[in-house]
Amino acid sequence: LAEQQILYARAAMERELGLTFFESGVTPPLLSPAMFESEVAPFLQQIFEATTTSNSSRPHLVIGGNTLGILDEMLACDPDFIICPYETDQTAFLNHLGKRDRPKVRVNMNPDALKTDEPDIINKELTRVRELAFECPTAIAVGGIVPYDADPEILKPHI
Numbered sequence: 002l003a004e005q006q007i008l009y010a011r012a013a014m015e016r017e018l019g020l021t022f023f024e025s026g027v028t029p030p031l032l033s034p035a036m037f038e039s040e041v042a043p044f045l046q047q048i049f050e051a052t053t054t055s056n057s058s059r060p061h062l063v064i065g066g067n068t069l070g071i072l073d074e075m076l077a078c079d080p081d082f083i084i085c086p087y088e089t090d091q092t093a094f095l096n097h098l099g100k101r102d103r104p105k106v107r108v109n110m111n112p113d114a115l116k117t118d119e120p121d122i123i124n125k126e127l128t129r130v131r132e133l134a135f136e137c138p139t140a141i142a143v144g145g146i147v148p149y150d151a152d153p154e155i156l157k158p159h160i
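Residues 2 to 160 (this note's numbering) make up the sequence shown, in order.
If you want it as C-alpha cells, here you go:
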C-alpha cells in the first residue's frame, strides 16, 4: 500500500500539487492506538519520508477522531499540518504539541453547535475553540466540518 501511495503522491508532486493524506480508515476508535503504532505508523512514516522534498514542503496529515493516543506517531511523520479533532481531548492534544514550530494545527469545533438556530450557542463554541487556539503557537485556524443540516443563513454572520 505504501508503494502505491508514494507513486500517486510523486505524480501529484510532479504537477506541483501539495500533498494531504486523509487517513479516515485509521481514525480512532476504528483502530486502537497499539494497532496504529504497529500497523499504520511505519507505513505513514515511509510515505512521508519518500514524499518530502524539503524541510519547508511537507505533506499534511488529517486524521479525525480521538487522536490523542496516536499523536506521537502522527508527529513522528513530521507533517506540516494536522487537525485537532473535536472528538479528542483538545486541551491535552494542544498541550502535547508544546512550543514546537510544526505542525500547523486547525482546532475543530463541535459540529453540533453549528446545527442550532441559536447564535449564542455558535458564539460560545467559537469562543471556546478560539481560546484553545490562542494557547497553541502553531494554531492557524478554527473550524471543522459544517453538517449538511446546518442552516447557512444562521452561519453567515460567523464566516
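Glycine included, C-beta positions come from ideal geometry on N, C-alpha and C.
Can you check whether the CB of residue j is closer than 7 Å to the CB of residue i?
i                : j              : result
histidine 71     : arginine 107   : Position check: residue 71 holds isoleucine in this sequence, whereas histidine was assumed. No, Cβ-Cβ distance for isoleucine 71 and arginine 107 is not below 7 Å.
threonine 89     : histidine 61   : no
proline 86       : asparagine 109 : yes
leucine 98       : valine 147     : no
alanine 93       : leucine 69     : yes
lysine 105       : isoleucine 64  : no
phenylalanine 49 : cysteine 78    : yes
aspartate 81     : arginine 59    : yes
asparagine 111   : glutamate 126  : yes
What's the C-alpha gap between residue i and residue j?
i             : j             : result
asparagine 67 : alanine 134   : 18 Å
glutamate 40  : glutamine 6   : 16 Å
glutamate 119 : histidine 159 : 12 Å
leucine 45    : threonine 53  : 12 Å
serine 25     : methionine 75 : 13 Å
leucine 2     : leucine 8     : 10 Å
proline 153   : aspartate 121 : 16 Å
In terms of residue numbering, what span does the alpha helix (DSSP H) encompassing residue i cover?
i             : result
asparagine 48 : Note that residue 48 is isoleucine in the sequence shown here, rather than asparagine. Segment 42 to 51, the alpha helix (DSSP H) holding isoleucine 48.
Under a three-way DSSP split, which group does residue i fall into?
i           : result
glycine 144 : strand
serine 55   : strand
On the DSSP letters alone, give me the boundaries of the beta strand (DSSP E) that residue i sits inside.
i             : result
leucine 62    : 61 to 63
isoleucine 71 : That residue, isoleucine 71, is in no beta strand (DSSP E); it is neither H nor E in DSSP.
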